[in-house]
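**Q**
2 protein chains.
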Amino acid sequence: MASFQKLTPRATDYSKWYNELVVKADLAEQSAVRGCMVIKPYGYAIWETIQAELDRRFKEKGVKNAYFPLLIPKSFLSREAEHVEGFAKECAVVTHHRLMNDPEGKGVVVDPNARLEEELIIRPTSETIIWSTYKNWISSYRDLPILCNQWCNVMRWEMRTRLFLRTAEFLWQEGHTAHATKEEAENFAATMLDVYADFAEKVMAIPVVKGVKSPNERFAGALNTYSIEAMMQDGKALQAGTSHFLGQNFAKSFDVQFLTNENKYEYVWATSWGVSTRLMGALIMTHSDDNGLVLPPNLAPIQVVIVPIFKKQDQLDALMEKLNPLADQLKQLGIRVQVDASDKTTPGFKFAEYELKGVPLRLAMGGRDLENGTIELARRDTMTKETVSFDNIVETIQNLLKEIQDNIYQKALDFRLANTREVNTWEEFKEEIKKPGFLLCHWDGTPETEEKIKAETKATIRCIPFEGDKTPGQCIYTGKPSTQRVIFAIAY
Amino acid sequence: MASFQKLTPRATDYSKWYNELVVKADLAEQSAVRGCMVIKPYGYAIWETIQAELDRRFKEKGVKNAYFPLLIPKSFLSREAEHVEGFAKECAVVTHHRLMNDPEGKGVVVDPNARLEEELIIRPTSETIIWSTYKNWISSYRDLPILCNQWCNVMRWEMRTRLFLRTAEFLWQEGHTAHATKEEAENFAATMLDVYADFAEKVMAIPVVKGVKSPNERFAGALNTYSIEAMMQDGKALQAGTSHFLGQNFAKSFDVQFLTNENKYEYVWATSWGVSTRLMGALIMTHSDDNGLVLPPNLAPIQVVIVPIFKKQDQLDALMEKLNPLADQLKQLGIRVQVDASDKTTPGFKFAEYELKGVPLRLAMGGRDLENGTIELARRDTMTKETVSFDNIVETIQNLLKEIQDNIYQKALDFRLANTREVNTWEEFKEEIKKPGFLLCHWDGTPETEEKIKAETKATIRCIPFEGDKTPGQCIYTGKPSTQRVIFAIAY
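So the protein lines, in turn, are chains A and B.
Read in numbering that gives the first Met the number 0, the first sequence has 156 at position 157, and its numbers run on one by one without any break.
Read in numbering that gives the first Met the number 0, the second sequence has 216 at position 217, and its numbers run on one by one without any break.
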């Protein structure tokens, strides 16, 4: 059950507000295992909707789900040189396959005789094991393209963890595709970025900037990484999804060639793309407020909650005669509705709980409403209440759910636009980066300059945006020529 | 792409037939990691339907999904004495959290400085980590019941593995519930067994026997294990799902008490229940034949395949004018249909492929059919073909899909009944157990007798069935009194 001690306000301590909200809204909590979280039923219900919406979109693009092993032989990680640098270091290593009773009688200990010949790594990402598999699946151009995705857990041994944002174990999907041509692979990577952007904006109500990563921020082993970047309420950037054009790197590492229709052997072209439970963090930090979670209706496990206000059973019965048919009607329209007629807690307690949990619309009806043919409607996004006619209530609800979805998207977009500014000099940059937001700046295109800027300010290039002003200029740091402005920000 | 070398017939080598079928029908294959499988897209599509059907049934019972950590502290496993004996021994042990570049330049090696203080075990099942979590969730009777499920991967270090049937890593769901009373927990365990049985029979078309396990076959840590047992085509038993009444064992191990509504502290009552990708093995071995997979329509990723027979483009165009609207109509009815108009392979090759993959209904239409207003229908279950009128074809298909579903269930049930026999003496038992099937025998109820019978014949008690003859008798082995017949069989 949710706890109703007030949340620390965002203005007081944004980070503390976030940590408290995740736990109090019953989304997730720390587990007994360092850095690994428990995703609680309410949080998981949101994740399930995210999964269902994405999965449907993937399948529309011809992607099929599959499952590849959790464990990766250590030697596989060394095959792709950049990949091992990026991922293999901080990871969970399985060295033994058996425990035995402690000879001293204290529980169980590792059996020293059960050491593995080669250590196994819990997947931090699956390019290596998947390309070792694709080698067996691909021999001719007829076998291409392969468009696979898997929903699974992965593990990266992070030292500083935060629920959803950075955890040792997290859930994600990873798509891995194999193509006959470079162009097809590049297009597919771009297509999946569009899928992510569309999903983020339409379902999560999170406005995103699509762009390409600078070399410093590229996925280890990729030729190009595309990303969608979102701005959180504290003005920091959060990378909400990435899609990688991997070139022929993994095909070469695992010797995956195919016979073209001109009877020549060529290496296969690859993409990979993923989003994770990190999206839950983005969701929370984009919309929520000091009263708790604010959920877009398209993702809310409960879209509408109906609370009858009563003292005695006959009052409840009279109210339910109106409210039960309403709930049924809403369910038939595919609206996720819950009626809370419990007498264990007060209406005030219920209201606070549904506010904390971000239920978009709350309906309350008491004796006077019944007499007047009215019902009280409370919107979570604006925290406004109004008493409306019970006639047409279904239509009112349908319209309001759409309106709330649009409103929180627009609010987030307005916030991003208001906190995005052009910066033209290094002096200005050093001041502006201390304030929240995205800085649009010219950059000379070199990793060295990005490194220096990061070292001095902690800001990184979030992406080189696809859209927007393409006027050339001069790098804020070196004064060298720049082809277009890029987004600098402090990032999660 | 599937390979069309003929399968080894079941009569020649059942085990070889199974192994070949799994690979050739594109269901799964061995990975580069010992004992871990790759579930290929076609196999995974079947698993997704299994998941969706079960998940819906769980939610109807009030169960909510959640996610608990992959890794379990070693010490947790020692808390429940039987549990550690049953599970902790053969498991993947994580001992380190970092790799480093090999000082000798050969790839990467384990960093000896990154040894974990306490080793972590990849979950073989999650009772311990979940009950350590429930401790924080439960304080009063108001917090009960908790009905959680998770879909995840688990790992048991099996020495002899077979695709789907016994793999080191497998996918499953594990439900874990917490209740205020013994009766409620026992009832819930029984309810979930009913859910499994209903699903197995209605969706998978696998007839099952519901019953309780003998103490020898009980889950490590349970007071009672209920199971559904199915008979494979070779007469062996396969446990298709289990539901455990765990009593207060895990609540006591992790000190999970609650305040009753009479203001007393009591330990919480528990159940757990699971089915796994092993069901894929049961599915294959219940229905399939020497031509390949036979799928029940309710689980088939493709329920109907439509193949136009043509030589030239104009012939194809004429056929598609009829077939495209048919496919659309079927889709609108929720039927999973695929039109295969590719000219890369011959119709004969296509027919063999869809047979191998177990597509329940195949429709083929050529020029003569077009003239006559007919279409050819081929049933996978009976391998029969007939030419029928194109009018009413939608209704014909709907009826046939139902008929196929019923037919393969009935066929499997008839097979089980024909191969289940009462055995009354030890001499008879030793002969009969050499033949395929279930033996209904009296047993004196002691683990010792079961052990001796197993040692002499490899047969085990699959379950003490809930339904059927309850006449008392005398144990086939000891002659001691027995309350009812139990099922002995050789098991997978």
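Idealized CB from N, CA, C, for every residue including glycine.
On the DSSP letters alone, give me the boundaries of the beta strand (DSSP E) that A:Gly174 sits inside.
**A** As a working note, residue 174 of chain A is residue 175 in the first sequence. Note, A:Gly174: beta strand (DSSP E), 168-178.
**Q** Drop a sphere of 10 angstroms on the beta-carbon of A:Asn398, count the other beta-carbons inside from all chains shown, and report buried for 16 or more, exposed for fewer.
**A** If you number the first sequence from 1, residue 398 of chain A lands on position 399. A:Asn398 comes out exposed.
**Q** Ignore the nearest five residues each way along the sequence and tell me which others in A:Val255's own chain have a CB closer than 8 Å to its CB.
**A** Locating residue 255 of chain A in the first sequence gives position 256, where the first residue counts as 1. Closer than 8 Å at the Cβ level, and outside the excluded window around A:Val255, lie Trp130, Tyr133, Lys134, Ile137, Ala177, Phe249, Tyr266, Val267.
**Q** For A:Leu162 versus A:Ala27, is the C-beta distance shorter than 7 Å?
**A** Counted from its first residue, the first sequence places residue 162 of chain A at position 163. Counted from its first residue, the first sequence places residue 27 of chain A at position 28. Yes. Within cutoff.
**Q** Taking the alpha-carbon of B:Phe414 as reference, which of B:Pro480, B:His286, B:Glu430 has the nearest alpha-carbon?
**A** Position 415 of the second sequence, counting from 1, holds the residue named residue 414 of chain B. The shortest Cα separation from B:Phe414 among B:Pro480, B:His286, B:Glu430 belongs to B:His286.
**Q** State the CB to CB distance for the pair B:Arg122 and B:Leu69, rounded to an integer number of angstroms; the pair is presumed to be in contact (CB under 8 Å).
**A** Locating residue 122 of chain B in the second sequence gives position 123, counting from the first residue. Locating residue 69 of chain B in the second sequence gives position 70, counting from the first residue. Their Cβ separation, rounded to whole angstroms, is 6 Å, which keeps B:Arg122 and B:Leu69 in contact under 8 Å.
**Q** So, with DSSP's three-state summary, where would you put A:Gln337?
**A** Counted from its first residue, the first sequence places residue 337 of chain A at position 338. In this structure, A:Gln337 counts as strand in the three-state DSSP scheme.
**Q** Have a look at A:Cys440, A:Glu352, A:Ile205, A:Gln312 and flag the residue whose alpha-carbon is nearest the alpha-carbon of A:Phe459.
**A** Along the first sequence, read from residue 1 onward, the residue named residue 459 of chain A stands at position 460. For the sequence presented, residue 459 of chain A should be read as Thr rather than Phe. Comparing Cα positions, the closest option is A:Cys440.
**Q** Does the separation of the CB atoms of A:Thr448 and A:Ile432 fall below 7 Å?
**A** Stepping through the first sequence from its first residue, residue 448 of chain A is reached at position 449. Stepping through the first sequence from its first residue, residue 432 of chain A is reached at position 433. Not closer than 7 Å, so no.
**Q** Beta carbon of B:Glu375, beta carbon of B:Thr386: below 7 Å?
**A** Position 376 of the second sequence, counting from 1, holds the residue named residue 375 of chain B. Position 387 of the second sequence, counting from 1, holds the residue named residue 386 of chain B. Contact flag set, yes.
**Q** Going along chain A, which residues have a C-beta under 7 Å from B:Gly552?
**A** Lying before the first or after the last residue shown, residue 552 of chain B is absent from chain B, which here runs from 0 to 491.
**Q** Return the CA-CA distance between A:Trp46 and A:Phe86, expressed in angstroms with no decimal places.
**A** Counting from one through the first sequence, the residue named residue 46 of chain A turns up at place 47. Counting from one through the first sequence, the residue named residue 86 of chain A turns up at place 87. Roughly 25 Å separates the two Cα atoms.
**Q** Quick one: grab the DSSP three-state call for B:Tyr13.
**A** Here the question's residue 13 of chain B lines up with position 14 in the second sequence. In the structure shown, B:Tyr13 sits in a helix (DSSP, three-state: H, G or I).
**Q** Between A:Ser271 and the rest of its own chain, which residues show a CB-CB distance below 7 Å, the 5 nearest in sequence each way excluded?
**A** Position 272 of the first sequence, counted from the start, is the residue given in the question as residue 271 of chain A. Same-chain partners within the cutoff: Glu126, Glu173, Gly174, His175, His243, Leu245.
**Q** At the level of alpha carbons, what is the spacing between A:Thr381 and A:Gln247?
**A** Reading the first sequence from its first residue, position 382 is the one you call residue 381 of chain A. Reading the first sequence from its first residue, position 248 is the one you call residue 247 of chain A. Roughly 50 Å between the two C-alpha positions.
**Q** Quick check on DSSP: helix, strand or coil for A:Ser2?
**A** Along the first sequence, read from residue 1 onward, the residue named residue 2 of chain A stands at position 3. Because A:Ser2 sits at a pLDDT of 49, beneath the cut-off of 50, its placement in the model cannot be relied upon, and the following sentence gives the value as read from the coordinates. DSSP places A:Ser2 in coil when its eight states are reduced to three.
**Q** To the nearest angstrom, report how far apart A:Glu81 and A:Ala219 are at their CA atoms.
**A** Taking the first sequence and counting its residues from 1, the one referred to as residue 81 of chain A is at position 82. Taking the first sequence and counting its residues from 1, the one referred to as residue 219 of chain A is at position 220. C-alpha separation (whole angstroms): 5 Å.
**Q** Under DSSP, the alpha helix (DSSP H) around B:Phe86 begins and ends at which residues?
**A** Sequence index remark: in the second sequence, residue 86 of chain B carries index 87 (1-based). Element bounds for B:Phe86: n/a, residue is neither H nor E.
**Q** Just to confirm my understanding: we take B:Leu369, look at its own chain, exclude 5 residues before and 5 after, and list those with CB closer than 8 Å. What are they?
**A** Here residue 369 of chain B refers to the residue found at position 370 when the second sequence is read from its first residue. So the qualifying residues of the chain are Ala317, Leu318, Lys321.
**Q** I'd like the list of long-range same chain contacts for A:Thr445, defined as Cβ closer than 6 Å, with 5 residues on each side in sequence excluded.
**A** Numbered from its first residue, the first sequence carries residue 445 of chain A at position 446. Excluding residues within five positions, none has a Cβ falling inside 6 Å.
**Q** Which residue comes first and which comes last in the beta strand (DSSP E) that contains B:Thr285?
**A** Your numbering for residue 285 of chain B matches position 286 in the second sequence. Not the beta strand (DSSP E): B:Thr285 falls in the alpha helix (DSSP H), residues 277-286.
**Q** Buried or exposed, going by whether 16 or more other CB atoms sit within 10 Å of the CB of B:Thr264?
**A** Here residue 264 of chain B refers to the residue found at position 265 of the second sequence. Note that residue 264 of chain B is Tyr in the sequence shown here, rather than Thr. The Cβ neighbour count for B:Tyr264, taken over all protein chains shown within 10 Å, is under 16; the residue is labelled exposed.
**Q** Considering only their Cβ atoms, is the gap separating B:Val293 from B:Ser379 smaller than 7 Å?
**A** By 1-based counting over the second sequence, the position of residue 379 of chain B is 380. By 1-based counting over the second sequence, the position of residue 293 of chain B is 294. According to the sequence displayed, residue 379 of chain B carries Arg and not Ser. Their beta carbons are under 7 Å apart, which means B:Arg379 touches B:Val293 by this criterion.
**Q** Secondary structure at B:Tyr476, three-state DSSP: helix, strand or coil?
**A** Walking along the second sequence from the start, residue 476 of chain B turns up at place 477. B:Tyr476 falls in the coil class under three-state DSSP.
**Q** Examine the Cβ distances between the stretch 194-209 of chain A and the stretch 40-56 of chain A and report whether three or more of them are shorter than 8 Å.
**A** yes
**Q** Could you work out which residues of chain B lie near A:Ala44, taking near to mean beta carbons separated by less than 8 Å?
**A** Position 45 of the first sequence, counted from the start, is the residue given in the question as residue 44 of chain A. Lys63, Asn64, listed in chain order.
**Q** What would DSSP say about A:Gln397, mapped onto helix, strand or coil?
**A** On the first sequence, position 398 is the one that residue 397 of chain A refers to. Of the three classes helix, strand and coil, the one that applies to A:Gln397 here is helix, per DSSP.
**Q** Could you give the distance in angstroms between the alpha-carbon of B:Thr276 and the alpha-carbon of B:Glu19?
**A** By 1-based counting over the second sequence, the position of residue 276 of chain B is 277. By 1-based counting over the second sequence, the position of residue 19 of chain B is 20. Taking the straight line joining both Cα atoms gives about 18 Å.
**Q** Between A:Tyr195 and A:Val274, which are expected to be in contact by the criterion C-beta below 8 Å, what is the C-beta distance as a whole number of angstroms?
**A** On the first sequence, residue 195 of chain A is found 196 positions in, with the first residue counted as 1. On the first sequence, residue 274 of chain A is found 275 positions in, with the first residue counted as 1. A:Tyr195 to A:Val274, Cβ: 6 Å. Contact.
**Q** Return the bridge partner residues of A:Cys35 from the DSSP annotation.
**A** In the first sequence, counting from the first residue as 1, residue 35 of chain A sits at position 36. Beta-bridge pairing links A:Cys35 to no other residue.
**Q** Which same chain residues end up closer than 6 Å to B:Arg165 when comparing Cβ atoms and leaving out the 5 residues on each side of it in sequence?
**A** In the second sequence, counting from the first residue as 1, residue 165 of chain B sits at position 166. Correct list, in chain order: Glu157.
**Q** Pick from B:Val108, B:Thr124, B:Glu118: whose alpha carbon is nearest that of A:Glu117?
**A** Residue numbering aside, residue 117 of chain A sits at position 118 when the first sequence is read from its first letter. Comparing Cα-Cα distances from A:Glu117 to each of B:Val108, B:Thr124, B:Glu118, the minimum goes to B:Val108.
**Q** Can you check DSSP and say which residues form a bridge with B:Glu228?
**A** On the second sequence, residue 228 of chain B is found 229 positions in, with the first residue counted as 1. BP columns for B:Glu228 point to B:Val208, B:Gln238.
**Q** Mark A:Phe348 as exposed unless 16 or more other C-beta atoms lie within 10 angstroms of its C-beta, in which case mark it buried.
**A** Position 349 of the first sequence, counted from the start, is the residue given in the question as residue 348 of chain A. Exposed, because fewer than 16 other Cβ atoms sit within 10 Å of the Cβ of A:Phe348.
**Q** Under 9 Å Cβ-Cβ, which residues of chain B neighbour A:Glu89?
**A** Reading the first sequence from its first residue, position 90 is the one you call residue 89 of chain A. Correct list: His96, Arg97, Leu98, Ala113.
**Q** How close, in whole Å, do the beta carbons of A:Pro435 and A:Asp233 come, if the pair is a contact with beta carbons under 8 Å?
**A** In the first sequence, the residue the question calls residue 435 of chain A occupies position 436. In the first sequence, the residue the question calls residue 233 of chain A occupies position 234. Right, the Cβ-Cβ distance comes to about 6 Å (below 8 Å), so this counts as a contact.
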